[in-house]
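Residue numbers (my numbering): -18 to 743.
Here the structure is laid out as structure tokens; the discussion comes afterwards.
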């Protein structure tokens, strides 16, 4: 519920200006002035809920039981504990119960809480609420008070106790709440923020409910909702490259679940009245796909932003998976969503209306066809890359973040951050505490900037326009490669970045059928000054023991090995960090490195002005020996060998016209060259025998022409070169939900082309 730090809001004015230029219709769709109910409730939904009322354990049956309790013991449920959310839940339970049973007692209980929400504040009948009640916490209360009072106004519009005087008083509240929020509420015009989602559903439901009753004020609100909020702000956010493109939520999934459900239900409520925003169905499909990719092999959910939970990942949130089912996603997506809810055993705690709507969707469950899907997905709007060695509970799962400044809250500056899990073991984790403004609390690399405020050094900043993936893809053999260019993270307000180069490459090489993996991390940066260093760290959810260049630890059933192969300077360190937060009196949030749960941290600080480092992180069963890791002479590169398989990873120096190296030859040896010289996205690879080695040369042209971003080839024992291409498994549906099968990334977007996936090396 917390608001964003002040400095994150500096882009609000720019975002509003952009919204003003967004495509809109010339005039609002005509106000709906027909009979009530107008919001969601139709004959099909009535019939579904009446049927569900007779089914033990259904959401509707639970709502009836809850409303009966509320009706029988009103004094026990007088108090609202937070911002109208308790009364909103009671209202939802009794609205569902009334529709399912037709009992007037349920309707009267609805009206009890309806009246409390428009007149009271903390206790039913206290008279302390009214016109300003939804203004609390910069308008957060709007998401509880606005939509559900509007729903009661609409569904019980003609009930004898919904008198003309009561309706007039409700419209007075509606006008006060929406007028104030439009001009003063937090994030009113910024999609992708939970406050905006709460305002959007509140204003939309109110506009639908009171249309025809509220005169010119109602007409103005309707026009604002349709033209400004939906055909303006939301259309822009849903478009390719917009903040919602790809279905991810920049604030993280502590805040995302209710927000995406509010978007889904609100668009569904508008559609029968002639308001359909381009991209909504595509977004719901993308959300469903992103939900699947956001699940670790242990069925936990990637956090992606602020959270108070003291573990690496979240429990799967009901509302995230239910949102496509609540909204108009389409039959296949509905069937997948229903199956996932059942398989994961998800039920909501506080949103009975949403559960009853999801339950009523007349579709048979159908398992998600994971085996036909790519094993990687890039959510463009937020720039989060999801990748795994295989579907199933035993694979290796990696998530990487590389995001320019996006106008959302609860999103730290952590370009290049990544996490890795092996099966149920969350090994490399992001322990950033709630409200961290620091890159140092994650696994993001960072370079000290000379012009950032001292309280933020040596972290990244919040004004980037160019941070992006240069590539993010997976090959047919299962090798995953992503490059994050984060040099622009040191732009400070209007001042250009003073870090000319900052790039992180991550290459994941799966072994053992995809159950184990080695992750090669290549960091390269230039600061321009000796005293401005490169800071690297990898957080492990377990104890690390450091011996020279190698740190080892155990997380569950996974042996974790972090090995420095090369670096231009620096000495590895390992240290234990105890959980806490970044709000202490002696703590500066901009460079805080306190974790939200206990971790051990591997750390390396590399001296400027030109810095580079290559690390190998290995994840395998403890009984298995770590891969043989051999540096390659003359280049930044490494040979990895395990289980009779071999992979070579080489990093070309920036601006190199040619790169040459020797590596052991043998059938089925995979070579990955990051930063290879290229022409038109292609590089030329030649390889010849040199004793027991292959002598490899990579140029911009000549030899075997392959994708240069990055080069991934397989050499046989005679050193013949064959490209290991991007896997071509298509994403479901026809919409661009995070990208297509291309190998490089659209520079104009936060993220870029989707990466398609595959199985294990070999």
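C-beta: ideal position from N, C-alpha, C; glycine also.
Give me, in chain order, the residues of the same chain whose beta-carbon lies closer than 8 Å to that of residue i; leave out the 5 immediate sequence neighbours on both sides.
i	result
residue 719	Confidence at residue 719 is low in this model, with a pLDDT of 34, below 50, so its placement is unreliable and the value that follows should be read with caution. Excluding positions up to five away in sequence, the list reads 226, 227, 228, 267, 270, 271, 358, 359, 360, 361, 712, 732 and 735.
residue 446	385, 386, 469 and 472
residue 671	643
residue 715	Unreliable positioning characterises residue 715 in this predicted model, as indicated by a pLDDT of 38, which lies under 50. A coordinate reading is not provided.
residue 578	291, 292, 293, 412, 522 and 560
Beta-carbon within less than 6 Å of residue i's beta-carbon, same chain only, minus the 5 sequence neighbours each way: which residues are those?
i	result
residue 531	544
residue 281	294
residue 21	250
residue 554	584
residue -17	Residue placement at residue -17 is flagged as unreliable, the pLDDT there being 43, under the threshold of 50; the coordinate-derived value follows with that caveat. The answer is none, since no qualifying residue turns up.
residue 29	341
residue 591	507
residue 116	161
Do residue j and residue i have their beta-carbon atoms positioned less than 9 Å apart in this structure?
i	j	result
residue 649	residue 697	yes
residue 286	residue 231	yes
residue 437	residue 571	yes
residue 819	residue 73	No statement about residue 819 is possible, as the shown extent of the chain runs from -18 to 743 and does not include it.
residue 645	residue 673	yes
residue 119	residue 167	yes
residue 483	residue 428	yes
residue 451	residue 465	yes
residue 423	residue 412	yes
residue 277	residue 402	yes
residue 291	residue 560	yes
residue 467	residue 397	yes
residue 668	residue 702	yes
residue 538	residue 603	yes
residue 254	residue 139	no
residue 586	residue 525	no
residue 597	residue 580	no
residue 244	residue 304	yes
residue 417	residue 393	yes
Considering just the uninterrupted stretch of the beta strand (DSSP E) at residue i, what are its terminal residues?
i	result
residue 153	Looking at the DSSP string, residue 153 is not in any beta strand (DSSP E); the run it does join, the alpha helix (DSSP H), is 145 to 165.
residue 528	525 to 528
residue 643	639 to 645
residue 549	Segment: none, residue 549 is in no beta strand (DSSP E) and carries neither H nor E.
residue 599	591 to 601
residue 675	674 to 680
residue 586	580 to 587
residue 692	692 to 696
residue 568	That residue, residue 568, is in no beta strand (DSSP E); it is neither H nor E in DSSP.
residue 520	515 to 521
residue 766	Outside the displayed range of the chain (-18 to 743) lies residue 766, so it cannot be described from this structure.
Tell me where the alpha helix (DSSP H) around residue i begins and ends.
i	result
residue 335	333 to 341
residue 670	Note, residue 670: premise wrong, no alpha helix (DSSP H); beta strand (DSSP E) at 663 to 671.
residue 82	66 to 82
residue 182	175 to 191
residue 50	40 to 53
residue 324	312 to 325
residue 411	Premise fails: residue 411 is in no alpha helix (DSSP H) and is neither H nor E.
residue 24	24 to 33
residue 217	216 to 219
residue 197	196 to 204
Beta-carbon of residue i versus every beta-carbon of chain B: anything under 9 Å?
i	result
residue 42	This model lacks chain B altogether; it includes just one protein chain.
In chain order, what residues of the same chain have a beta carbon less than 7 Å from the beta carbon of residue i, not counting five sequence neighbours either side?
i	result
residue 107	101
residue 717	Because residue 717 sits at a pLDDT of 36, beneath the cut-off of 50, its placement in the model cannot be relied upon, and the point is left open.
residue 203	9, 12, 188 and 192
residue -3	At residue -3, the pLDDT of 41 sits below 50, so the modelled position is not reliable; the number obtained from the coordinates is stated separately. Within the same chain, residue -3 has close Cβ partners 170.
residue 3	No answer about residue 3 holds up, because its pLDDT of 43 lies below 50 and its placement is not dependable.
If you measure from the CB of residue i, is any heavy atom of the ligand ATP nearer than 8 Å?
i	result
residue 340	In the structure on display, the ligand ATP does not appear, and there are no ligands present to speak of.
Every unbroken beta strand (DSSP E) within the region 448 to 496, with a cutoff of 3 residues, ordered by chain
449 to 455, 461 to 466 and 482 to 492
Sequence ranges, alpha helix (DSSP H) only - wholly within the region 249 to 305, length at least 4:
261 to 274
Quick check for students: name the residue ranges of the beta strand (DSSP E) that lie wholly in the region 355 to 396, counting only runs of 3 or more.
357 to 360, 365 to 369 and 377 to 382
4 or more residues per run - each alpha helix (DSSP H) lying fully within the region 79 to 138
85 to 100, 117 to 120 and 123 to 136
Would the region 310 to 323 and the region 345 to 352 be scored as touching if the rule is three or more Cβ pairs under 8 Å?
yes
Complete beta strand (DSSP E) runs within the region 603 to 660 (minimum length 3 residues, chain order)
609 to 612, 617 to 623, 626 to 632, 639 to 645 and 650 to 655
I want to know whether the region 175 to 192 touches the region 121 to 132 - three or more CB-CB distances under 8 Å.
The region 121 to 132 and the region 175 to 192 touch, with three or more beta-carbon pairs separated by less than 8 Å.
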